[in-house]
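Student: Add 42 to a position in the sequence shown, counting from 1, and you land on the number used in the working numbering. Yeah, the Cβ is synthetic: ideal placement off N, Cα and C, and Gly gets one too. Just so you know, these numbers come straight off a predicted model, no measurement behind them.
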Amino acid sequence: MAQPSEAGGGGVPTIMIVDVPRSRLPGRLAEAMAIYVTAMGYPASSGSQRGTHMLRHAGFDSFRCRAALAADGTMLGFGYGYTSLPGQWWHDLVLRAIAGDTQDWLGSAFELSELHVLPAAQGAGLGERLLRSLADGLPHRTMVLSTPEGENRAWRLYRRMGFYDLARNHLFPGDHRPFGVLGARLPFPPSGGASR
Ligand SMILES: CC(C)(COP(=O)(O)OP(=O)(O)OC[C@H]1O[C@@H](n2cnc3c(N)ncnc32)[C@H](O)[C@@H]1OP(=O)(O)O)[C@@H](O)C(=O)NCCC(=O)NCCS
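Shown next as structure tokens:
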């Protein structure tokens, strides 16, 4: 398995955040997609479609993926992203949707494509650890993402990490749900830091 990039401390069972290089992804894809469908409440069938996208994204030079692993190696959560570039589906749609200085937000941006933690493992800071590990040392000016509108843990996490609204109630083709498009300056504020 990939090398640990960071480990939990204290006397509690250790959950490690590890890098998942593209070469290791196929072997962990089913586990990641099971987390994706469970965390999002999607039908199991949507995992295979998403998995195909993830494998394609893993071909990008800038692909970066982190997983949270329990002591026995079970995956509890994962997140990944890559450099957001013109010509990519999400980038081109968001470029037209956001107000203000689009170059400032999208000109040097790491696009967070997915971030999910198994429901039973949520509420213990794993999402934040995954996000911080993904951002660690990135050369990009910003991190950008979209997430379904709602008052939930994802929104609380993103606000805590300093994400701003770039667009609200945005509709992507093929999805009836409104999304918030959010962006944060990198590096992230230190733990316990950000407002708004
Ligand atoms: C969004 C998601 C990835 C966040 O993961 P998480 O591990 O639950 O989130 P966090 O790391 O923010 O931790 C959550 C809570 O643990 C608390 N916490 C407990 N111990 C903590 C610690 N040591 N460090 C940090 N936070 C800690 C936080 O205060 C936070 O409380 P809050 O949710 O009441 O604000 C996860 O909830 C999820 O998978 N949700 C469903 C899928 C989804 O919406 N994904 C995002 C789509 S873009």
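1) Nearest-angstrom Cα distance between ALA100 and SER65?
2) From PHE152, ALA141, LEU118, pick the residue whose C-alpha is nearest to that of GLY167; which is it?
3) Could you check what DSSP says for GLN45 in three-state terms: helix, strand or coil?
4) For ARG122 versus GLU170, is the C-beta distance shorter than 9 Å?
5) For ARG108, which residues of its own chain have a beta-carbon under 8 Å away from its beta-carbon, when the five flanking residues on both sides are left out?
6) Out of curiosity, what's the CA-to-CA distance linking SER150 and SER126?
7) Looking only at C-alpha atoms, which of PRO215, SER90, PHE230 sits nearest to ALA139?
8) Measure the C-alpha to C-alpha separation of VAL79 and ALA196 and round it to an integer number of angstroms.
9) With a threshold of 8 Å (Cβ to nearest heavy atom), would PRO181 be considered close to ligand 1?
10) The beta strand (DSSP E) with THR189 in it runs from where to where?
11) For the alpha helix (DSSP H) containing LEU172, name the first residue and the last one.
12) When you compare each of ARG92, HIS218, TYR200, VAL223 to ARG210 by their alpha carbons, which one comes out closest?
13) Name the residue from TYR200, THR184, HIS218 whose alpha carbon lies nearest to the alpha carbon of SER233.
14) When you compare the CB of GLY119 with every CB in chain B, is at least one pair closer than 9 Å?
15) Thinking C-alpha only, which one of PRO190, THR144, TRP131 is nearest HIS218?
16) Going by C-alpha distance, which of GLY165, GLY225, PRO161 is nearest ARG183?
17) Can you find the residues in the same chain that come closer than 8 Å, C-beta to C-beta, to TYR206, ignoring five residues on each side of it along the sequence?
Tutor: Concretely, from the data shown:
1) Approximately 9 Å between the Cα atoms of the pair.
2) Restricting attention to PHE152, ALA141, LEU118, the CA atom closest to the CA of GLY167 is found in LEU118.
3) Legend: pLDDT at GLN45 = 48, less than 50; position of this residue unreliable, value from coordinates given subsequently. Coil, per DSSP.
4) Note that residue 122 corresponds to Tyr in the displayed sequence, not to Arg. Taking the C-beta atoms as reference points, GLU170 is found no nearer than 9 Å to TYR122.
5) Cβ-Cβ distances below 8 Å link ARG108 to SER47, ILE59, VAL60, ASP61, VAL62, PHE120, GLY121, TYR122, LEU172, SER175, LEU176 in the same chain, with the five nearest sequence neighbours on each side left out; the list follows chain order.
6) So the alpha carbons of these two residues sit roughly 8 Å apart.
7) In this structure, PRO215 is the residue among PRO215, SER90, PHE230 with its C-alpha nearest to the C-alpha of ALA139.
8) If you take the alpha carbons of VAL79 and ALA196, they lie about 15 Å apart.
9) No, ligand 1 has no heavy atom inside 8 Å of this Cβ.
10) Segment 184-190, the beta strand (DSSP E) holding THR189.
11) Its alpha helix (DSSP H) spans residues 168-177.
12) Measuring C-alpha to C-alpha distances from ARG210 to each of ARG92, HIS218, TYR200, VAL223 identifies VAL223 as the nearest.
13) Considering only alpha carbons, the answer is TYR200.
14) Within the model displayed, chain B is absent; a lone protein chain is all it includes.
15) Distances from the alpha-carbon of HIS218 to those of PRO190, THR144, TRP131 put PRO190 closest.
16) Per the Cα distances, GLY225.
17) These residues qualify, in order along the chain: LEU224, GLY225, ALA226, ARG238.
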